[in-house]
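*Asks:* Keeping their order, the protein sequence lines are chains E and P. Residue numbers are given in the UniProt record's numbering: position 263 of the first sequence equals residue 263, and the series is strictly consecutive. Residue numbers are given in the UniProt record's numbering: position 45 of the second sequence equals residue 45, and the series is strictly consecutive. The structure follows.
Protein chains: 2
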Amino acid sequence: MASHAQVSVTAVSKVINNAYGVSPAMRNKVRTAIDELGYRPQAVARGMRGRTFTIGLVLPHIRNPFFADILDGLTTHLDTTDYQAFMIQGGATRPVEHRAVDALLSRQVDGLIMVAPLASKNRLEHIAQDKPLVVLARHERSPHYDSVLADDEAGAELAVAHLLQLGHRRIAHITHQDDSLARPADLLHTIRAATYQRLMREHGLAGHIAIATSYYNEQGGYDGARELLARTPRPTAIFAGADQAALGALAAAHDAGLTVPGGLSVAGYDNTHLAALPNIALTSIDQDGHEMGRAAGKLLLERIEGRRTPVRFTVTPTLIVRASTAAPPAP
Amino acid sequence: MASHAQVSVTAVSKVINNAYGVSPAMRNKVRTAIDELGYRPQAVARGMRGRTFTIGLVLPHIRNPFFADILDGLTTHLDTTDYQAFMIQGGATRPVEHRAVDALLSRQVDGLIMVAPLASKNRLEHIAQDKPLVVLARHERSPHYDSVLADDEAGAELAVAHLLQLGHRRIAHITHQDDSLARPADLLHTIRAATYQRLMREHGLAGHIAIATSYYNEQGGYDGARELLARTPRPTAIFAGADQAALGALAAAHDAGLTVPGGLSVAGYDNTHLAALPNIALTSIDQDGHEMGRAAGKLLLERIEGRRTPVRFTVTPTLIVRASTAAPPAP
């Protein structure tokens, strides 16, 4: 094909990957040749260093709408290229995740994006030796793969500071547990929980620290909130580390006969579509999953093209105030 | 490997696929040989009629939690086998879906499950000539692929009959549109809308038929409900064809200052996890997505094993009454 268009294989590759450094004229020339020849990515792939034009996306599960935001962002970027994303559910345990990654690698994808993986840093670096890799939502630094993450410390600070500013003192937190082999300090849920504790201490509220350890999903939030609301004195605000858990906390408040925000303030994290529904109206932390997914796709394709310098792309979260948080009830 | 275990390739294949007709003793023998040899599915695959032990799952998108139920059911079944599912987002248009299917086929999956595909029946039969295929949530009959579906007419009847029984007469409906090439009568949303109209006519309420055509998602439900609630006289109940749309309808009711169910009853379809949250408490139709996903996995593996007789697996839906529906307000 490259000879038909009178351009180099590198230029064809750049056009296909929508890379920089290709003039509009060259892009048209290559695209025209592609159209004339009834080009199919698979066919070209065989000629171009064995490339398959597929990337693998490992998600813990698909139930969290925040992951749908990430996928939408990734798809938005890939739609400008000839790449396709295959998703695989990494599941809740390391053996399942391990098997999922092996399956993708044996199907010879050109690169991998792993969202909040459970694997150790060593394992991730091992994968990165085999394939270009971008890791989402983990905080460690590696010379072998790219990272896309949000500043979870800044995000948790925004949430807790918002509740403090409203006058809350008995602020509780719902966190997550899994069998990740990452260093705790590199895990987003550990960072959010540690930041919550730090702010409470800094405001002389160490005695009011109350953490329920469950899961970042509806049931986890429901169970965690029930545990927290059974304490005496009862918290006046709950900061859930994820919107999914906050939805469960809202349900637990409802079951306990507490109005939100009159009897209990609830804040989440992720600013999912559900948080924005006016009858849920959840105060949340936005970390722009769409942009994170877009960035991950862009970085991975750059790596596939040959970049070796590790890149770290960090989103700064923002606070979205809605009707689920207000001043605490009068004592 | 088969020679090491002193068993036939067919027996190994049956154990790997968790098929019937294998004695526990044989299963142990094969499993032991697999463990001793450090067996990897990929390695076996090359020896066994080119099998890859991966199947492709084409979903319209991952944002609908009902699809997560389907995936959970599928995964539950595959976890008893050596198969893995690769997902790919079929998207909102036929060209995107076409490209997604091509990508899966060129990566040589052993079979395909397509959920609510937009493709024509001809195209599906064309795919089925190439690969074992199971189609979810479409109603046409084909001699070339298996179907897993719910009885959408029965489900819609349950929802509308429930609202009629509560005393509603001005019942409106929110339906879905896409660029599917299926016969309208084979599409679940067309069936649900037609059943709604039939029941209204049968109860002498043809004059109260009111349908908003938007999308089965939150924004679609919100827009549809706003359109319906602007009519004079206003409907006292809305039957949304999917829970995702019902969530949007609840939000629209909230914005219009209507309490649910006091001012407006809302019923959904799919009985997603969100419908069950006590502060949403949405009356809905359960069609057991988990069981549909499990059945699809089982049928596909049987087809991969050689079954050619087409199978049709139909779930009978049930009505789940919650707090979002009640008698209409006094006139």
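Cβ coordinates follow ideal geometry from the N, Cα and C atoms, glycine included. Source: prediction; values computed, not measured.
(1) Between the Cα of Ile70 (chain P) and the Cα atoms of P:Ser284, P:His273 and P:Ser324, which residue gives the shortest distance?
(2) Tell me Gln89 (chain E)'s beta-bridge partners as DSSP assigns them.
(3) To the nearest angstrom, how far is it from the Cα of Leu229 (chain E) to the Cα of Ala154 (chain E)?
(4) If you measure beta-carbon to beta-carbon, which residues of the region 80 to 91 of chain E are closer than 8 Å to chain P?
(5) Under 6 Å Cβ to Cβ from Ala159 (chain E), same chain only, skipping five residues before and after it: list those, please.
(6) What's the gap between the Cα of Leu136 (chain P) and the Cα of Ile62 (chain E)?
(7) Please report whether the beta-carbon of Arg294 (chain P) lies at a distance below 8 Å from any beta-carbon of chain E.
(8) Does Leu144 (chain E) get closer than 8 Å to chain P when you measure Cβ to Cβ?
(9) Strictly under 8 Å for the Cβ-Cβ distance: is Leu277 (chain E) near chain P by that measure?
(10) State the DSSP-derived secondary structure class of Thr75 (chain E), mapped to helix, strand or coil.
(11) List the DSSP bridge partners of Val315 (chain P).
(12) In chain order, what residues of the same chain have a beta carbon less than 7 Å from the beta carbon of Asp179 (chain E), not counting five sequence neighbours either side?
(13) Which residues in chain P have a C-beta closer than 7 Å to the C-beta of Leu250 (chain E)? List them in chain order.
(14) Ile62 (chain E) CB to nearest chain P CB: under 8 Å?
(15) Name the chain P residues whose beta carbon is nearer than 8 Å to that of Asp255 (chain E)?
(16) Decide yes or no for the touch test of the region 248 to 266 of chain P against the region 189 to 201 of chain P: beta carbon pairs closer than 8 Å, at least 3 of them.
(17) Taking Ile320 (chain P) as the reference, give the member of P:Val58, P:Ser147 and P:Ala161 with the closest Cα.
(18) So His139 (chain E) packs on Leu149 (chain E), CB below 8 Å; how close in whole Å?
(19) Go to His176 (chain P), then tell me how far its beta strand (DSSP E) extends in each direction, as first and last residue.
(20) Using DSSP with H/G/I as helix, E/B as strand and the rest coil, what is Arg322 (chain P)?
(21) In the DSSP assignment, find the unbroken alpha helix (DSSP H) run with Ser106 (chain E) in it and report its ends.
(22) State buried or exposed for Asp130 (chain E), treating a residue as buried only when at least 16 other CB atoms are found within 10 Å of its CB.
(23) I need the straight-line Cα distance from Ala210 (chain P) to Thr175 (chain P), nearest angstrom please.
(24) Look up Ser120 (chain P) in the DSSP assignment and give the residues it is bridged to.
(25) Going straight from the alpha carbon of Arg99 (chain P) to that of Leu277 (chain E), what length do you get?
(26) With 16 other CB atoms within 10 Å as the buried threshold, where does Arg294 (chain E) fall?
(27) Report buried or exposed for Ala168 (chain P), applying the criterion of at least 16 other Cβ atoms within 10 angstroms of its Cβ.
(28) Please report how far the alpha carbon of Asp288 (chain E) lies from the alpha carbon of Phe53 (chain E), in whole angstroms.
(29) Please name the residues in the region 226 to 243 of chain P whose beta-carbon is closer than 8 Å to at least one beta-carbon of chain E, in chain order.
(30) Would Pro317 (chain P) and Asp151 (chain P) qualify as a contact pair, given that the criterion is a beta-carbon distance under 8 Å?
(31) Buried or exposed: where does Val44 (chain P) fall if 16 or more other Cβ atoms within 10 Å of its Cβ makes it buried?
(32) What residues in the region 108 to 128 of chain E bring their beta carbon closer than 7 Å to a beta carbon of chain P?
(33) Look at Gln244 (chain E) and Glu218 (chain E) and say whether their C-beta atoms are less than 8 Å apart.
(34) Within 10 angstroms of the Cβ of Thr80 (chain E), are there 16 or more other Cβ atoms? Answer buried if so, exposed if not.
(35) Can you name the residues that DSSP bridges to Arg138 (chain P)?
*Replies:* In terms of the structure at hand:
(1) Position 70 of the second sequence, counted from the first residue, corresponds to residue 70 (chain P). Nearest C-alpha to Ile70 (chain P): P:His273.
(2) Locating residue 89 (chain E) in the first sequence gives position 89, counting from the first residue. According to DSSP, which records beta bridges pairwise, Gln89 (chain E) is partnered with E:Leu59.
(3) The count along the first sequence starts at 1 and reaches residue 229 (chain E) at position 229. The count along the first sequence starts at 1 and reaches residue 154 (chain E) at position 154. Rounded to whole angstroms, Leu229 (chain E) to Ala154 (chain E) spans 27 Å at the Cα level.
(4) Gln84, Ala85, Phe86, Met87, Ile88, Gln89 and Gly91
(5) Position 159 of the first sequence holds residue 159 (chain E). For Ala159 (chain E), where only same-chain residues beyond five positions count, the Cβ hits under 6 Å are Phe239, Ala267 and Ile285.
(6) Translated into the one-based positions of the second sequence, residue 136 (chain P) becomes position 136. Translated into the one-based positions of the first sequence, residue 62 (chain E) becomes position 62. Looking at the two C-alpha atoms, the distance is approximately 18 Å.
(7) Along the second sequence, read from residue 1 onward, the residue named residue 294 (chain P) stands at position 294. False, the Cβ-Cβ gap to chain E never drops below 8 Å.
(8) One-based indexing of the first sequence puts residue 144 (chain E) at position 144. According to the sequence shown, residue 144 (chain E) is His rather than Leu. No, His144 (chain E) lies away from the interface with chain P (no Cβ there is under 8 Å from its Cβ).
(9) Within the first sequence, the letter at position 277 stands for residue 277 (chain E). Chain P, which has a Cβ nearer than 8 Å to the Cβ of Leu277 (chain E), makes this yes.
(10) As a first step, residue 75 (chain E) is located in the first sequence; it is residue number 75 there, counting from the start. In the structure shown, Thr75 (chain E) sits in a helix (DSSP, three-state: H, G or I).
(11) Position 315 of the second sequence holds residue 315 (chain P). According to DSSP, Val315 (chain P) bridges with P:Ala150.
(12) Taking the first residue of the first sequence as 1, we reach residue 179 (chain E) at position 179. Excluding the 5 residues flanking it on each side, Asp179 (chain E) has same chain C-beta neighbours closer than 7 Å at Thr93, Arg94 and Leu118, in chain order.
(13) Along the first sequence, read from residue 1 onward, the residue named residue 250 (chain E) stands at position 250. Result: Asn279.
(14) Translated into the one-based positions of the first sequence, residue 62 (chain E) becomes position 62. Yes, Ile62 (chain E) lies at the interface with chain P (some Cβ there is under 8 Å from its Cβ).
(15) To locate residue 255 (chain E), count along the first sequence from 1; it is residue 255. Per Cβ cutoff of 8 Å: Pro278.
(16) no
(17) Sequence index remark: in the second sequence, residue 320 (chain P) carries index 320 (1-based). Comparing C-alpha distances from Ile320 (chain P) to each of P:Val58, P:Ser147 and P:Ala161 shows the shortest one belongs to P:Ala161.
(18) Indexing the first sequence from 1 puts residue 139 (chain E) at position 139. Indexing the first sequence from 1 puts residue 149 (chain E) at position 149. Their Cβ separation, rounded to whole angstroms, is 6 Å, which keeps His139 (chain E) and Leu149 (chain E) in contact under 8 Å.
(19) Here the question's residue 176 (chain P) lines up with position 176 in the second sequence. Looking at the DSSP string, the run of the beta strand (DSSP E) that includes His176 (chain P) is Ile171 to His176.
(20) Counting from 1 along the second sequence, the entry for residue 322 (chain P) is found at position 322. DSSP places Arg322 (chain P) in coil when its eight states are reduced to three.
(21) For the purposes of this step, residue 106 (chain E) is taken as residue 106 along the first sequence, with counting starting at 1. Element bounds for Ser106 (chain E): Arg94 to Ser106.
(22) Taking the first sequence and counting its residues from 1, the one referred to as residue 130 (chain E) is at position 130. By the neighbour-count rule (16 or more Cβ atoms within 10 Å), Asp130 (chain E) is not buried but exposed.
(23) Position 210 of the second sequence, counted from the first residue, corresponds to residue 210 (chain P). Position 175 of the second sequence, counted from the first residue, corresponds to residue 175 (chain P). Roughly 11 Å between the two C-alpha positions.
(24) The residue given as residue 120 (chain P) occupies position 120 in the second sequence. Per DSSP, none; premise fails for Ser120 (chain P).
(25) As a first step, residue 99 (chain P) must be located in the second sequence, where it is residue number 99. As a first step, residue 277 (chain E) must be located in the first sequence, where it is residue number 277. Whole-angstrom Cα-Cα distance: 33 Å.
(26) To locate residue 294 (chain E), count along the first sequence from 1; it is residue 294. It is buried - the Cβ of Arg294 (chain E) has at least 16 other Cβ atoms within 10 Å.
(27) Translated into the one-based positions of the second sequence, residue 168 (chain P) becomes position 168. Checking the sequence shown, residue 168 (chain P) turns out to be His, not Ala. Its Cβ being crowded by 16 or more others within 10 Å, His168 (chain P) is buried.
(28) Counting from one through the first sequence, the residue named residue 288 (chain E) turns up at place 288. Counting from one through the first sequence, the residue named residue 53 (chain E) turns up at place 53. C-alpha separation (whole angstroms): 26 Å.
(29) none
(30) The residue you call residue 317 (chain P) lines up with position 317 of the second sequence. The residue you call residue 151 (chain P) lines up with position 151 of the second sequence. Yes, the Cβ-Cβ distance between Pro317 (chain P) and Asp151 (chain P) is below 8 Å.
(31) Working through the second sequence from its first residue, we reach residue 44 (chain P) at position 44. Summary for Val44 (chain P): the model assigns pLDDT 40, below 50, so the residue's position carries little reliability; its value from the coordinates is reported in the next sentence. The residue is buried, with at least 16 neighbouring Cβ atoms inside 10 Å.
(32) none
(33) Indexing the first sequence from 1 puts residue 244 (chain E) at position 244. Indexing the first sequence from 1 puts residue 218 (chain E) at position 218. Yes, these two residues count as a Cβ contact at 8 Å.
(34) For the purposes of this step, residue 80 (chain E) is taken as the residue at position 80 of the first sequence. Thr80 (chain E) counts as exposed, since fewer than 16 other beta carbons sit within 10 angstroms of its beta carbon.
(35) As a first step, residue 138 (chain P) is located in the second sequence; it is residue number 138 there, counting from the start. Looking at the DSSP assignment, Arg138 (chain P) forms a beta bridge with P:Leu187.
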